[in-house]
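Each protein sequence line maps, in turn, to chains A and B.
Using this note's numbering, the letters of the first sequence map in sequence onto residues 1 to 203.
Using this note's numbering, the letters of the second sequence map in sequence onto residues 1 to 196.
Here a beta-carbon is modelled for each residue, glycine too, at the ideal position from N, C-alpha and C.
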Amino acid sequence: MNGQKAIWDRLIAGPRSEYMLRAAMWRVAHGLSSIVGRTISNDEPQIKRVPISQVTAHASGPEAERVGVYLVLQDGLHGQTILILPRVCALRLVDLLMGEPPGTTTDLGVIERSALAEVGNLAVSSFLNTVAAHNPETSNLLRPSPPAVMVDMLGAILNVIITPIAAVRDDLLIIETNFRDAAGAVRGRFWILPDPAVQGLTV
Amino acid sequence: MTENIHSVAIGKIVASDAPNDVLVAYGIGSCVAVCLYDPTARVGGVLHALLPTVPGENSRNNGNPAKFVDQGMPLLVEALLKLGARRSRLIAYLCGGARVLSALDLDDFLNIGERNVLAAESALQSERIRVRARATGGRIGRTVRLYVADGRVTVKSLKHGEQTLAPVVDSTASVKRERRAVRKPISGRRVMQRMS
């Protein structure tokens, strides 16, 4: 725990926090660009503390239909990650991944969800690779869970990430950034949430 | 009549006796929304809880009690009693407790929805309140609405649209059970309690 707390501390509140997060998110955007075959850019990463009762409003409307690609951070760095996409953007993303014309994908079946899962996997792995590069003591110990894809109301999806933290706190510490392509057809929000045990870090 | 929509966010309790109020818990996944309604006093409330009980032995610094089903339920009942409801007339509707995420190698939080529903049933039993209808479990998110004017409860999901869980409640049956007349709330009086 001490080791991962030190890593989270450096990422969130350390003197090079801004640089590390910017580098990590750039690497995520670069990875996404490679997999979809078009330039994906990202906003400046933000670190926010949001009351539990306001999390879904912070993300968007709680009834909005969204796709969430969820991975748990395990081993050397504990936490949660989620890539949140509007459904229409998820369909478009699948078109790009499959090399299909826009509008081809109209439903998110097993194969389509598998493709989206790989996008989540790539995003989180890119993030963890940057963390490992800046924290040599963690190399080979950072590992995400297999991705899980959820398609439902945003509020229901976010229940998954809120629950473990709500057991001990009334607010969530979230590292977030937004991704989009130049046309705005593919856009998403990427959240990283430290382990509940370190959610109390001062921002 | 213009409806006043009041969102019941995670970890919140909202109770009302205003006839144009609609209490809404949006996008419930594993959370559970407990709707209680007194058809005679026309008073209703919703608890939107996230966890069944305080986890672990250390119950300090767990913050807002309404996050937890077992701590929030008596607070909801108390709020309704203050608005003129009678415990013996309260009827309950349970919504939520779904399992939106399914991944075999993630931890125990995967069945938190089921545990929330069980905790709600247990807490209602302790309060001696009957569950009249439920929309629980499964793998879908839901939005639940309680109409204070008439006790109607609707449940909406992306898959099934909006459906009525409970029709307009007939208050005459409960009145017949009363041994003495009940003074109804003053028309137009609005008492809204938000508890966190």
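- Got a sec: is the Cβ-Cβ distance from N121 of chain A to anything in chain B below 8 angstroms? Position 121 of the first sequence, counting from 1, holds the residue named residue 121 of chain A. It does not; no Cβ of chain B falls within 8 angstroms.
- Message: Quick test of your reading: L172 of chain A and G31 of chain A, contact by CB under 8 angstroms. State the CB separation rounded to the nearest angstrom.
- Response: Position 172 of the first sequence holds residue 172 of chain A. Position 31 of the first sequence holds residue 31 of chain A. Going by Cβ atoms, the distance from L172 of chain A to G31 of chain A rounds to 25 angstroms, so no, they are not a contact pair.
- Message: For S17 of chain A and P65 of chain B, I'd like the C-alpha separation in whole angstroms.
- Response: The residue given as residue 17 of chain A occupies position 17 in the first sequence. The residue given as residue 65 of chain B occupies position 65 in the second sequence. Straight-line Cα distance between these residues: approximately 34 angstroms.
- Closer than 8 angstroms, Cβ to any Cβ of chain A: which residues of the stretch 36-50 of chain B, in chain order? L50
- Provide the residue(s) that pair with Q80 of chain A in DSSP beta bridges, ordered along the chain. For the purposes of this step, residue 80 of chain A is taken as the residue at position 80 of the first sequence. Answer is A:V72, A:L193.
- Message: Taking 8 angstroms as the cut-off, does the stretch 6-24 of chain B touch the stretch 80-90 of chain B (at least 3 CB pairs, one atom from each stretch)?
- Response: yes
- Item | Span of the alpha helix (DSSP H), counted from its first residue to its last, around I10 of chain B | Sequence index remark: in the second sequence, residue 10 of chain B carries index 10 (1-based). It is not in any alpha helix (DSSP H) - I10 of chain B carries neither H nor E in the DSSP assignment.
- Residues in the stretch 147-179 of chain A having any Cβ partner in chain B nearer than 8 angstroms: A148, M150, D152, M153, L154, G155, A156, I157, L158, N159, V160, I162, T163, P164, A166, A167, V168, R169, D170
- Query: What residues of chain A sit near L101 of chain B, judged by a beta carbon separation below 7 angstroms?
  - Reply: Translated into the one-based positions of the second sequence, residue 101 of chain B becomes position 101. Going along chain A in sequence order, the residues near L101 of chain B (Cβ under 7 angstroms) are Y70, A148, M150, V160.
- Task: Note down the Cα distance separating I5 of chain B from D181 of chain A, rounded to an integer number of angstroms.
- Result: Position 5 of the second sequence, counted from the start, is the residue given in the question as residue 5 of chain B. Position 181 of the first sequence, counted from the start, is the residue given in the question as residue 181 of chain A. Those two C-alpha atoms are separated by around 37 angstroms.
- Query: When the Cα atoms are used, what is the spatial distance from L93 of chain A to G109 of chain A?
  - Reply: Translated into positions along the first sequence, residue 93 of chain A becomes position 93. Translated into positions along the first sequence, residue 109 of chain A becomes position 109. Between L93 of chain A and G109 of chain A, the C-alpha separation is close to 14 angstroms.
- Where DSSP assigns a beta bridge to Y37 of chain B, which residues make up the other side? Along the second sequence, read from residue 1 onward, the residue named residue 37 of chain B stands at position 37. Answer by DSSP bridge pairing, in chain order: B:G44, B:I91.
- Using the beta-carbon of each residue, which ones in chain B are nearer than 8 angstroms to E118 of chain A? Locating residue 118 of chain A in the first sequence gives position 118, where the first residue counts as 1. Per Cβ cutoff of 8 angstroms: no residues; E118 of chain A is ~15 angstroms from chain B at best.
- Per-residue burial, S30 of chain B [other beta carbons within 10 Å of its own, 16 or more giving buried]: Reading the second sequence from its first residue, position 30 is the one you call residue 30 of chain B. With 16 or more Cβ atoms within 10 Å of its Cβ, S30 of chain B is classed as buried.
- Query: When DSSP labels each residue in this structure, what does R128 of chain B get in the three-state scheme?
  - Reply: The residue labelled residue 128 of chain B in the question sits at position 128 within the second sequence. Note: R128 of chain B maps to coil in three-state DSSP.
- Residues of chain A with a CB under 8 angstroms from the CB of K67 of chain B: which are they? Sequence index remark: in the second sequence, residue 67 of chain B carries index 67 (1-based). Within chain A, the residues near K67 of chain B are I52, A166, D170.
- Message: For A197 of chain A and T104 of chain A, what's the separation of their Cα atoms in angstroms?
- Response: Here the question's residue 197 of chain A lines up with position 197 in the first sequence. Here the question's residue 104 of chain A lines up with position 104 in the first sequence. Their Cα atoms are separated by approximately 44 angstroms.
- Run down chain A in chain order and give the residues with a C-beta less than 7 angstroms from the C-beta of S55 of chain B. On the second sequence, residue 55 of chain B is found 55 positions in, with the first residue counted as 1. One detail in the question is off: residue 55 of chain B reads as Pro in this sequence, not Ser. Residues of chain A passing the Cβ test: A167.
- Message: What would DSSP say about R139 of chain B, mapped onto helix, strand or coil?
- Response: Here residue 139 of chain B refers to the residue found at position 139 when the second sequence is read from its first residue. Coil, per DSSP.
- Message: Using a Cβ-Cβ cutoff of 9 angstroms, what residues of the stretch 61-90 of chain A are near chain B? List them in chain order.
- Response: G61, P62, E63, A64, E65, G68, Y70, V72
- Task: Please check the pair T177 of chain A and P45 of chain A, which I expect to be a contact at CB under 8 angstroms, by giving their CB distance rounded to whole angstroms.
- Result: Along the first sequence, read from residue 1 onward, the residue named residue 177 of chain A stands at position 177. Along the first sequence, read from residue 1 onward, the residue named residue 45 of chain A stands at position 45. T177 of chain A to P45 of chain A, Cβ: 5 angstroms. Contact.
- Task: For chain A, find out if any of its Cβ atoms is closer than 8 angstroms to the Cβ of C95 of chain B; answer yes or no.
- Result: For the purposes of this step, residue 95 of chain B is taken as the residue at position 95 of the second sequence. No, its Cβ sits nowhere closer than 8 angstroms to a Cβ of chain A.
- Hey, D21 of chain B and V148 of chain B: beta-carbon distance below 8 angstroms or not? Locating residue 21 of chain B in the second sequence gives position 21, where the first residue counts as 1. Locating residue 148 of chain B in the second sequence gives position 148, where the first residue counts as 1. Taking 8 angstroms as the Cβ cut-off, D21 of chain B and V148 of chain B qualify as a contacting pair.
- Task: Check whether the Cβ of G11 of chain B lies closer than 8 angstroms to any Cβ atom in chain A.
- Result: Counted from its first residue, the second sequence places residue 11 of chain B at position 11. So, interface residue.
- Quick one: residues in its chain with C-beta nearer than 6 angstroms to the C-beta of L85 of chain A, no 5 flanking neighbours on either side, listed in chain order? As a first step, residue 85 of chain A must be located in the first sequence, where it is residue number 85. The answer, listed in chain order, is V67, G188.
- Residue burial classification, H48 of chain B (beta-carbon count within 10 angstroms, cutoff 16): One-based indexing of the second sequence puts residue 48 of chain B at position 48. By the 10 Å Cβ count, H48 of chain B comes out buried.
- Task: Take E137 of chain A as the anchor and find which of A:S125, A:M25, A:G76, A:A13 has the nearest alpha-carbon.
- Result: Within the first sequence, numbered from 1, the residue matching residue 137 of chain A stands at position 137. Comparing Cα positions, the closest option is A:G76.
- Query: What are the boundary residues of the beta strand (DSSP E) that includes N42 of chain A?
  - Reply: Working through the first sequence from its first residue, we reach residue 42 of chain A at position 42. It spans 40-42 - the beta strand (DSSP E) in which N42 of chain A sits, taken as one unbroken run.
- Item | Straight-line gap, G72 of chain B to L50 of chain B (C-alpha atoms, nearest Å) | Counted from its first residue, the second sequence places residue 72 of chain B at position 72. Counted from its first residue, the second sequence places residue 50 of chain B at position 50. Using only the alpha carbons, I get a separation of about 10 angstroms.
- Message: Please list, in chain order, the residues of the stretch 16-29 of chain B that have any C-beta partner in chain A closer than 7 angstroms.
- Response: Y26, G27, I28, G29
- Query: Cβ of G141 of chain B less than 8 angstroms from any chain A Cβ?
  - Reply: Residue 141 of chain B sits at position 141 when you count from the first residue of the second sequence. Yes - at least one Cβ of chain A is within 8 angstroms of the one on G141 of chain B.
- Item | Whole-number beta carbon distance between I35 of chain A and V119 of chain A, since they are thought to touch under 8 angstroms | For this step, residue 119 of chain A is matched to residue 119 along the first sequence. For this step, residue 35 of chain A is matched to residue 35 along the first sequence. Their Cβ separation, rounded to whole angstroms, is 7 angstroms, which keeps V119 of chain A and I35 of chain A in contact under 8 angstroms.
- Task: Mind listing, in chain order, the continuous beta strand (DSSP E) runs of no fewer than 3 residues lying wholly within the stretch 79-144 of chain A?
- Result: 79-86, 142-144
- Item | Within 8 angstroms, strictly: CB atoms of R152 of chain B and T164 of chain B | The residue labelled residue 152 of chain B in the question sits at position 152 within the second sequence. The residue labelled residue 164 of chain B in the question sits at position 164 within the second sequence. Yes, they are a contact pair.
- Residue from B:L81, B:L75, B:A25, B:I10 whose Cα sits closest to the Cα of R42 of chain B: Against the second sequence, residue 42 of chain B aligns to sequence position 42. With distances taken between Cα atoms, R42 of chain B lies closest to B:L81.
- Item | Beta carbon proximity, R189 of chain B to chain A, threshold 8 angstroms | Position 189 of the second sequence, counted from the start, is the residue given in the question as residue 189 of chain B. In this prediction, R189 of chain B scores a pLDDT of 39, lower than 50, which makes its location untrustworthy; no coordinate-derived value is stated.
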